[in-house]
Amino acid sequence: MASALSYVSKFKSFVILFLTPILLLPLIILMPAKFVRCAYIIIIMAVYWCTEVIPLAITALLPALLFPLFRILDSKQVSIQYMKDTNMLFLGGLIVAVAVEHWNLHKRIALRTLLWVGTKPAQLMLGFMGATAFLSMWISNTATTAMMVPIVEAVLQQMEATSAATEASLGTLELAEKGKAGELPGNQATLEGPSARQQVVSRKNVCKALTLCICYSASIGGTATLTGTGPNVVLLGQMQDLSWGCSLEKKSEEKSAHEVLRAEYRKLGPLSFAEINVLLCFFLLVGLWFTRDPGFMPGWVSIAWAEGKTKYASDATVAIFVAILLFIMPSQKPKFNFCSQTEEERKTPFYPPPLLNWKVAQEKVPWGIVLLLGGGFAVAKGCEASGLSEWMGKQMEPLHTVSPTAITLIMSSLIAVLTECTSNVATTTLFLPIFASMSRSIGLNPLYIMIPCTLSSSFAFMLPVATPPNAIVFSYGHLKVSDMMKTGLIMNVIGITCSFLAINTWGRVIFDLDQFPTWANVTAH
507 MASALSYVSK FKSFVILFLT PILLLPLIIL MPAKFVRCAY IIIIMAVYWC TEVIPLAITA
567 LLPALLFPLF RILDSKQVSI QYMKDTNMLF LGGLIVAVAV EHWNLHKRIA LRTLLWVGTK
627 PAQLMLGFMG ATAFLSMWIS NTATTAMMVP IVEAVLQQME ATSAATEASL GTLELAEKGK
687 AGELPGNQAT LEGPSARQQV VSRKNVCKAL TLCICYSASI GGTATLTGTG PNVVLLGQMQ
747 DLSWGCSLEK KSEEKSAHEV LRAEYRKLGP LSFAEINVLL CFFLLVGLWF TRDPGFMPGW
807 VSIAWAEGKT KYASDATVAI FVAILLFIMP SQKPKFNFCS QTEEERKTPF YPPPLLNWKV
867 AQEKVPWGIV LLLGGGFAVA KGCEASGLSE WMGKQMEPLH TVSPTAITLI MSSLIAVLTE
927 CTSNVATTTL FLPIFASMSR SIGLNPLYIM IPCTLSSSFA FMLPVATPPN AIVFSYGHLK
987 VSDMMKTGLI MNVIGITCSF LAINTWGRVI FDLDQFPTWA NVTAH
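So the sequence shown is numbered by my numbering: it starts at 507 and just counts up by one.
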């Protein structure tokens, strides 16, 4: 049966891969206009992205082949889209994240946070969620989840073992007391009744809550920074059941959880020279990003790297600078005193190995995401050059009569549903240029729709296949699909509501959403 299903699955992929372009051919035969040819390519890419018949990154390379062949853009214009400033920013951020992972600095931060917040179930949830969300702001959501879930699993196993041992000792003591009183009921050797069953259900709920909180906080945390998750970078490119009423008394399970965390932290040893250097690079990256152009005062870019309206340095410059620094800074303390060195130490190179080498970076950097982003920028450029953006904008002019708040809410909900079945980066890559054209056609600030839709693409909470963090958590066996769907639906509603409220309150002030921006006018022409 399994082999038959596998055969059918392969046949299905073959049909989608080859029949999709053939079935869509009448589009360009009947209407050979330039914008129709562009739409033909984009529809093929959308089908391939949604079905994943070929890898997402390979689908993203189709514009580099098809745009020149269909005379939409020449090869030079398409190729430059795959290594724009935004791609370099993302690449630099990924390399810094690899260094943090390589030296286990993320694990140290996570364990230290958990030890600080406490080990009651509610405190554990807060600690796990806080650490996961913070780390996923800077490194990939998948890597953060893969690192955090084993820690959660170790804590849960120790709590379960301690609880089982406690129940066994209490059962033995109760039976001994009943035996003395002549009340021993046959061969009953375990505690039964509603209380025992309730404890089992309670422990299962704790397992579910602690595992779900990891994948959810990874997805949410990634939305906080421009490089925290793929959809945010796409947006940048387009623009240029657990109760909190826990007992105050410290239980044996909580003590055991604390011991597990402390033991894991001890295994890391003291802060190494390499970890200190990576931490310094990380703080340097964040500091330079913040001070480049803070807004409330002149940044360093306007002091030394600006000429008129041209600013020569961007966030990508900072990211690449720190990334290069990681390949230079030593991972061990250099020994300058040559006289006190042993014979073996003198044979070794004076300068220790760097924090990162190319082999590690090559293996751990997700290069496919960089190509996927480039494909999105190429699609956006093709839409503009072919006139497809302008045509789509005109078709959406009747939306003038619909309230902008209703449009935002509907589009955000649509994206949240689609991202449960497709890659969030592919979803934003496909839809953000469309939303930008639609907004310009009805005289609405594009950011008013694009920001909440970008955030909604990260609200992939309902299905294990929706995002890698969900799949990692589901693989540990504590959850059923129904568990994820019940909690995920609530999380989706909360997420969409929060982003909708944010964009209609402080978002209006921060992004000046009541004004139609000049850059949108320029793009339209």
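Every residue gets a Cβ at the ideal spot worked out from N, C-alpha and C, and that includes glycine. Please read all numbers here as calculations on a predicted model, not as lab measurements.
Three-state secondary structure assigned by DSSP to residue i
{"i": "Ala812", "result": "strand"}
{"i": "Lys756", "result": "Confidence is the limiting factor: at Lys756 the pLDDT is only 48, short of 50, which leaves the residue's position unreliable and the question unanswerable from this model."}
{"i": "Leu748", "result": "Unreliable placement is indicated for Leu748, whose pLDDT of 28 sits below 50; no coordinate value is reported for it."}
{"i": "Pro448", "result": "Nothing can be reported for residue 448, as the shown portion of the chain is limited to 507 through 1031."}
{"i": "Pro804", "result": "coil"}
{"i": "Pro776", "result": "coil"}
{"i": "Pro860", "result": "strand"}
{"i": "Lys841", "result": "coil"}
{"i": "Lys900", "result": "helix"}
{"i": "Pro656", "result": "helix"}
{"i": "Ser872", "result": "Before going on, a small fix: residue 872 reads as Pro here, not Ser. Here Pro872 sits in coil by DSSP."}
{"i": "Lys626", "result": "coil"}
{"i": "Ala682", "result": "Residue confidence is low: Ala682 scores 49 on pLDDT, short of 50, so the model does not pin down where it sits. No coordinate-derived value is stated."}
{"i": "Thr1024", "result": "helix"}
Among the options, nearest to residue i - alpha-carbon criterion
{"i": "Gly880", "options": "Met551, Ser581, Ser585 and Ile522", "result": "Ser585"}
{"i": "Gly646", "options": "Val739, Glu558 and Ile578", "result": "The question names Gly, but residue 646 is Ser in the sequence shown. Comparing Cα positions, the closest option is Val739."}
{"i": "Trp555", "options": "Ala545, Gly814 and Ala566", "result": "Ala566"}
{"i": "Ser778", "options": "Pro538, Tyr857 and Leu861", "result": "Leu861"}
{"i": "Ile550", "options": "Asn711, Val885, Ala819 and Tyr771", "result": "Val885"}
{"i": "Lys992", "options": "Ala1008, Trp897, Trp1012 and Phe967", "result": "Phe967"}
{"i": "Ala616", "options": "Gly599, Leu595 and Phe640", "result": "Phe640"}
{"i": "Leu662", "options": "Tyr982, Trp811, Tyr722 and Ala810", "result": "Tyr982"}
{"i": "Leu905", "options": "Thr1003, Ser947, Val1015 and Gly633", "result": "Ser947"}
{"i": "Gly728", "options": "Val655, Lys714, Met635 and Lys815", "result": "Met635"}
{"i": "Leu605", "options": "Pro561, Leu953, Ile809 and Asn863", "result": "Reading off the sequence, residue 605 comes out as Ala, not Leu. It is Asn863 whose Cα lies nearest to the Cα of Ala605."}
{"i": "Glu765", "options": "Ala539, Lys870, Gly1001 and Lys626", "result": "Lys626"}
{"i": "Glu659", "options": "Val712, Asp580, Met990 and Gln629", "result": "Val712"}
{"i": "Leu938", "options": "Asn951, Leu924, Ile955 and Val923", "result": "Ile955"}
{"i": "Leu878", "options": "Gly1013, Leu579, Pro859 and Leu597", "result": "Leu597"}
{"i": "Lys887", "options": "Phe517, Met990 and Pro574", "result": "Pro574"}
{"i": "His984", "options": "Val655, Asp580, Met997 and Leu529", "result": "Val655"}
{"i": "Glu1033", "options": "Ser725, Val521, Gln587 and Pro538", "result": "Residue 1033 cannot be examined here, being either before or after the span of the chain that is shown, 507 to 1031."}
{"i": "Glu607", "options": "Lys841, Ala780, Ala912 and Pro859", "result": "Ala780"}
{"i": "Asn998", "options": "Gln587, Arg1014, Ile726 and Trp811", "result": "Ile726"}
{"i": "Thr1024", "options": "Asn951, Ala1008, Arg1014 and Ile996", "result": "Asn951"}
{"i": "Pro859", "options": "Arg1014, Pro872, Pro840 and Leu1007", "result": "Pro840"}
{"i": "Trp795", "options": "Val824, Met803, Pro776 and Val923", "result": "Val824"}
Whether residue i touches residue j by CB criterion (7 Å)
{"i": "Cys787", "j": "Leu832", "result": "yes"}
{"i": "Thr731", "j": "Met643", "result": "yes"}
{"i": "Glu876", "j": "Leu611", "result": "The question names Glu, but residue 876 in the sequence shown is Val. No, Cβ-Cβ distance for Val876 and Leu611 is not below 7 Å."}
{"i": "Leu961", "j": "Ser919", "result": "no"}
{"i": "Ser837", "j": "Gly899", "result": "no"}
{"i": "Ala563", "j": "Leu936", "result": "no"}
{"i": "Phe1022", "j": "Gly949", "result": "yes"}
{"i": "Val828", "j": "Ala819", "result": "no"}
{"i": "Arg614", "j": "Leu774", "result": "yes"}
{"i": "Ala972", "j": "Glu926", "result": "yes"}
{"i": "Ile1033", "j": "Val979", "result": "Not covered by the structure: residue 1033. The range shown for the chain is 507 to 1031."}
{"i": "Ser519", "j": "Thr638", "result": "no"}
{"i": "Thr816", "j": "Gly805", "result": "no"}
{"i": "Asp989", "j": "Lys714", "result": "yes"}
Beta-carbon separation (whole angstroms), residue i vs residue j, contact threshold 8 Å
{"i": "Ser964", "j": "Asn1010", "result": "About 19 Å separates the two Cβ atoms, so there is no contact after all."}
{"i": "Thr592", "j": "Leu742", "result": "5 Å"}
{"i": "Cys544", "j": "Ser909", "result": "Not a contact, Cβ separation roughly 31 Å."}
{"i": "Ile535", "j": "Ala867", "result": "Not quite, the Cβ-Cβ distance comes to about 47 Å (not below 8 Å), so this is no contact."}
{"i": "Lys590", "j": "Phe941", "result": "The pair is not a contact, with the Cβ atoms about 20 Å apart (cut-off 8 Å)."}
{"i": "Leu572", "j": "Ile547", "result": "5 Å"}
{"i": "Thr907", "j": "Ile921", "result": "That pair is no contact at about 22 Å."}
{"i": "Pro975", "j": "Thr648", "result": "6 Å"}
{"i": "Ile957", "j": "Met594", "result": "With 8 Å as the limit, Ile957 and Met594 do not qualify as a contact, their Cβ atoms being about 23 Å apart."}
{"i": "Tyr771", "j": "Leu621", "result": "6 Å"}
{"i": "Pro561", "j": "Gly874", "result": "7 Å"}
{"i": "Trp897", "j": "Phe524", "result": "That pair is no contact at about 28 Å."}
{"i": "Leu1019", "j": "Leu953", "result": "6 Å"}
Residue i beta carbon near the ligand ADP (any heavy atom closer than 6 Å)
{"i": "Lys870", "result": "Absent from the structure shown: the ligand ADP. Ligands present: none."}
Counting only runs of 4+ residues fully inside the segment 946 to 1022, write out the alpha helix (DSSP H) ranges in chain order. 952 to 962, 974 to 980, 987 to 1009 and 1012 to 1017
Quick check on the DSSP output: what are the complete beta strand (DSSP E) runs of length 3 or more inside the segment 528 to 603, in order along the chain? none
Let me know the alpha helix (DSSP H) ranges lying completely inside the segment 902 to 945, each 4 residues or longer, listed in chain order. 910 to 924
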